[in-house]
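For reference, the structure discussed in these notes is given below.
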């Protein structure tokens with residue numbers, strides 16, 4: 010028999026791992042990742058530069074011009090700086106009366122808005138009545154109304170030839186009606202309270218919507234009356250919202266111009282009205298800039314005070 014030779018095992022070729030690879034490595038970086046990497050290489054200051062430029066050109070530069078003009082009296086032809094405009098404005102009786110009127114109107118309107126807004130927000134949030142949700146939505150719409158629109162509505166009702174005076178003269182036969190308070194400081198106060206009360210109600214309604222109703226039920230089951238529940242349960246939860254809405258109303262009332270102008274209250278001069286009078290009617294730009302700087306300082310000071318108080322109160 011022929012000899013069966015032993016078959017040798019087949020040897021497969023082994024790749025040389027030491028040889029350099031000629032295949033290009035596959036990139037696992039996606040385009041989005043490459044974009045993110047390129048963005049991270051951009052300096053941080055480059056991203057802050059555009060908003061800073063917009064803020065500087067749109068606000069800081071005009072503000073700097075106002076402050077500079079307030080130190081530049083018209084008597085100095087070379088444009089040098091002087092405190093003469095400040096001393097003249099601070100010594101004038103018109104400025105002191107305008108400052109006093111502005112402060113007491115702003116404080117009075119803020120107090121009125123806080124009281125009225127708190128009561129109305131309580132009714133809308135906790136007293137079920139038909140159309141309650143529609144009223145809550147209308148408050149959001151009301152915030153977009155211009156201030157002079159509300160003033161015109163009050164003029165149609167309580168103006169010299171308004172509906173109230175027309176009804177009075179029609180019934181009594183008198184030549185004139187008794188309602189003339191819109192041209193007084195009390196009319197301006199009424200218009201500001203009417204317009205700015207929703208600015209207090211909006212944060213209050215948001216705070217009331219997050220209030221746990223179980224607390225109210227427990228307090229009621231323990232025998233607490235409505236007044237006690239409001240004082241001990243609802244009011245502590247509403248204090249941050251009251252502080253936020255009140256501070257906003259106070260700052261807005263300090264700078265309100267349209268309401269005072271459209272009521273026709275000629276005897277009521279506030280700081281914004283004094284700026285308008287000095288700049289437009291008298292062309293006294295240094296004095297107008299001085300009053301504007303004082304108005305800005307009051308607004309910024311009150312806002313800073315609010316931030317400090319709210320931070321300490323944990324609001």
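Residue numbers (this note's numbering): 10 to 324.
In this text, a Cβ means the ideal position worked out from N, Cα and C, and glycines have one as well.
Exercise. Excluding the 5 residues preceding and the 5 following residue 82 in the sequence, name in chain order all residues of the same chain whose CB lies nearer than 6 Å to its CB.
Key: Position 73 of the chain shown holds residue 82. These residues qualify, in order along the chain: 91, 93, 94 and 295.
Quiz item: Ordered along the chain, which non-local residues of its own chain (more than five positions away) have a Cβ less than 6 Å from that of residue 220?
Solution: As a first step, residue 220 must be located in the chain shown, where it is residue number 211. Closer than 6 Å at the Cβ level, and outside the excluded window around residue 220, lie 246.
Practice problem: With a 10 Å radius around its C-beta and 16 neighbouring C-beta atoms as the bar for buried, classify residue 317 as buried or exposed. | Solution: Here residue 317 is taken as the residue at index 308 of the chain shown, counted from 1. Residue 317 should be labelled exposed.
Self-check item: residue 262 versus residue 302: straight-line alpha-carbon distance, rounded
Solution: The sequence position of residue 262 within the chain shown is 253, counting from 1. The sequence position of residue 302 within the chain shown is 293, counting from 1. In a straight line, the C-alpha of residue 262 is about 16 Å away from that of residue 302.
Exercise. Would you kindly report the start and end of the unbroken alpha helix (DSSP H) that includes residue 181?
Key: Looking up residue 181 in the chain shown gives position 172. Following the DSSP letters along the chain, one finds residue 181 inside the alpha helix (DSSP H) bounded by residues 172 to 181.
Exercise. Note down, in chain order, each residue of its chain lying with its Cβ closer than 7 Å to the Cβ of residue 117, except the 5 sequence neighbours on either side.
Key: What you label residue 117 is simply residue 108 of the chain shown in a count that begins at 1. These residues qualify, in order along the chain: 198.
Quiz item: Along the chain, where does the alpha helix (DSSP H) that runs through residue 120 open and close?
Solution: Your numbering for residue 120 matches position 111 in the chain shown. 102 to 135 is the span of the alpha helix (DSSP H), which, as asked, contains residue 120.
Quiz item: Is the Cβ-Cβ distance between residue 260 and residue 283 less than 8 Å?
Solution: One-based indexing of the chain shown puts residue 260 at position 251. One-based indexing of the chain shown puts residue 283 at position 274. Result no, Cβ atoms of residue 260 and residue 283 do not sit closer than 8 Å.
Quiz prompt | Beta-carbon gap between residue 289 and residue 156 smaller than 8 Å | solution = Along the chain shown, read from residue 1 onward, the residue named residue 289 stands at position 280. Along the chain shown, read from residue 1 onward, the residue named residue 156 stands at position 147. The answer is no: Cβ separation not under 8 Å.
Exercise. Report yes if the C-beta distance between residue 133 and residue 115 is below 8 Å; otherwise report no.
Key: Reading the chain shown from its first residue, position 124 is the one you call residue 133. Reading the chain shown from its first residue, position 106 is the one you call residue 115. The answer is no: Cβ separation not under 8 Å.
Quiz item: Hey, how far is the Cα of residue 273 from the Cα of residue 192?
Solution: As a first step, residue 273 must be located in the chain shown, where it is residue number 264. As a first step, residue 192 must be located in the chain shown, where it is residue number 183. When rounded, the distance between both Cα atoms is 6 Å.
Self-check item: residue 364 classed as buried or exposed, judged by whether at least 16 other C-beta atoms fall within 10 angstroms
Solution: Here the chain has residues from 10 to 324 only, and residue 364 is not among them.
Self-check item: Buried or exposed (CB count within 10 angstroms, at least 16 for buried), residue 172
Solution: Taking the first residue of the chain shown as position 1, residue 172 is located at position 163. So residue 172 counts as exposed.
Quiz prompt | the stretch 239 to 255 in contact with the stretch 208 to 224 per 3-pair CB rule at 8 Å | solution = Short answer: they touch.
Quiz item: Does DSSP put residue 142 in a helix, a strand or coil?
Solution: Here the question's residue 142 lines up with position 133 in the chain shown. Taken through DSSP and simplified to helix, strand or coil, residue 142 comes out as helix.
Quiz item: Among 165, 281, 258 and 176, which one has its Cα closest to the Cα of residue 208?
Solution: As a position in the chain shown, residue 208 is number 199, starting the count at 1. Of the listed residues, the one whose Cα sits closest to residue 208 is 258.
Quiz item: On the three-state DSSP scale, how would you describe residue 286?
Solution: Counting from 1 along the chain shown, the entry for residue 286 is found at position 277. Reduced to three states, the DSSP call for residue 286 is helix.
Practice problem: Go ahead and label residue 110 buried or exposed: buried means 16 or more other beta carbons lie within 10 angstroms of its beta carbon, across all protein chains shown. | Solution: Translated into the one-based positions of the chain shown, residue 110 becomes position 101. That one is buried.
Exercise. Go through the stretch 236 to 279 residue by residue and report every complete run of the alpha helix (DSSP H) that reaches 4 residues or more, in order.
Key: With a minimum length of 4 residues, the unbroken runs of alpha helix (DSSP H) contained wholly in the stretch 236 to 279 fall at 244 to 263 and 267 to 272.
Quiz item: Which first and last residues belong to the alpha helix (DSSP H) in which residue 230 is found?
Solution: Taking the chain shown and counting its residues from 1, the one referred to as residue 230 is at position 221. Per DSSP, residue 230 belongs to the alpha helix (DSSP H) from 222 to 230.
Quiz item: How should residue 142 be labelled, buried or exposed, when 16 other C-beta atoms within 10 angstroms of its C-beta is the threshold for buried?
Solution: Within the chain shown, numbered from 1, the residue matching residue 142 stands at position 133. With a 10 Å radius around the Cβ and a threshold of 16 neighbouring Cβ atoms, residue 142 comes out exposed.
Quiz item: With distances taken from CA atoms, which of 280, 306, 320 and 315 is nearest residue 106?
Solution: Position 97 of the chain shown, counting from 1, holds the residue named residue 106. Among 280, 306, 320 and 315, the Cα nearest to that of residue 106 belongs to 280.
Self-check item: For residue 216, the first and last residue of its enclosing alpha helix (DSSP H)
Solution: Here residue 216 corresponds to residue number 207 of the chain shown, with the count starting at 1. Where residue 216 is concerned, the enclosing alpha helix (DSSP H) starts and stops at 194 to 218.
Quiz item: Tell me which same chain residues have a C-beta within less than 7 Å of the C-beta of residue 200, skipping the five on either side of it?
Solution: For the purposes of this step, residue 200 is taken as residue 191 along the chain shown, with counting starting at 1. 159, 160, 163, 268 and 272, listed in sequence order.
Quiz item: Given a threshold of 16 other Cβ atoms within 10 Å of its Cβ, counted over all protein chains shown, does residue 66 qualify as buried or as exposed?
Solution: As a first step, residue 66 must be located in the chain shown, where it is residue number 57. Exposed: under 16 other Cβ atoms inside 10 Å.
Quiz item: Which class does residue 188 belong to by DSSP, given the choice of helix, strand or coil?
Solution: Mapped onto the chain shown, residue 188 falls at position 179. The answer is coil: DSSP assigns residue 188 none of H, G, I, E or B.
Quiz item: The alpha helix (DSSP H) with residue 80 in it runs from where to where?
Solution: As a first step, residue 80 is located in the chain shown; it is residue number 71 there, counting from the start. Per DSSP, residue 80 belongs to no alpha helix (DSSP H) and is neither H nor E.
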